[in-house]
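Colleague: Take this structure, written in structure tokens, and hold onto it; I'll ask about it next.
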């Protein structure tokens, strides 16, 4: 037979101590314990203290990475899908000059069509727009083949950033029990708190 955390905490607060010390998470949890205690015993619940301090594990430093790094890399990957020509080297631009120029011509034609194609019937405008869209999509696919190595590098960077962010979630967690910290680290923290 095992008791639940809530009843164990309630029992410990009632019979085993004058003051119960919690971190933020436990204190939020004990708000419910207080309600249960008051309803069940019709008495004010024993008091508890909420104590919190931020001290990251001293074993390693967090990685210098943020969520915006991941977002930036994802945007570059998306840009490689639709605008590979922006990421080509000068040599690649020379080699793919006809593709790049054809893409620019199609974009200009689409912009012109949006402004001045009122003379055409609606079905004809749609047909021409569809043709331009398909040709643009095919050109983008051809141009994206020229950036495969860059895409591979960005994907690798994205995996690394994601792994570093996951590691930071552990390294910078505020939910790690104080018993995992070296005694000296805790002493230094308490000394700082006592002078604050």
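Numbering (my numbering), first residue to last: 8 to 203.
Beta carbons are placed, not taken as given, at the ideal position from N, Cα and C, and that holds for glycine.
Within the 9 Å Cβ cut-off, does residue 167 reach chain D?
Modeller: Absent from the structure: chain D. Only one protein chain is present.
Colleague: Taking the C-alpha atoms as reference points, what is the distance between residue 41 and residue 81?
Modeller: Taking the straight line joining both Cα atoms gives about 47 Å.
Colleague: Which residue wins for smallest C-alpha separation from residue 154, given the options 94, 163 and 123?
Modeller: Checking every option, the nearest Cα to that of residue 154 belongs to 94.
Colleague: Between residue 34 and the rest of its own chain, which residues show a CB-CB distance below 6 Å, the 5 nearest in sequence each way excluded?
Modeller: Here the set comprises 57.
Colleague: Quick check: what's the CA-CA separation for residue 145 versus residue 99?
Modeller: Their backbone Cα atoms lie some 18 Å apart in a straight line.
Colleague: Residue 177 to residue 77, Cα distance in whole Å?
Modeller: Their Cα atoms are separated by approximately 18 Å.
Colleague: Kindly indicate which residue of 201, 64, 162 and 188 has the alpha-carbon position closest to the one of residue 79.
Modeller: That would be 162, whose Cα lies nearest to the Cα of residue 79.
Colleague: Measure the CB-CB distance between residue 120 and residue 136 and report whether it falls below 9 Å.
Modeller: Yes.
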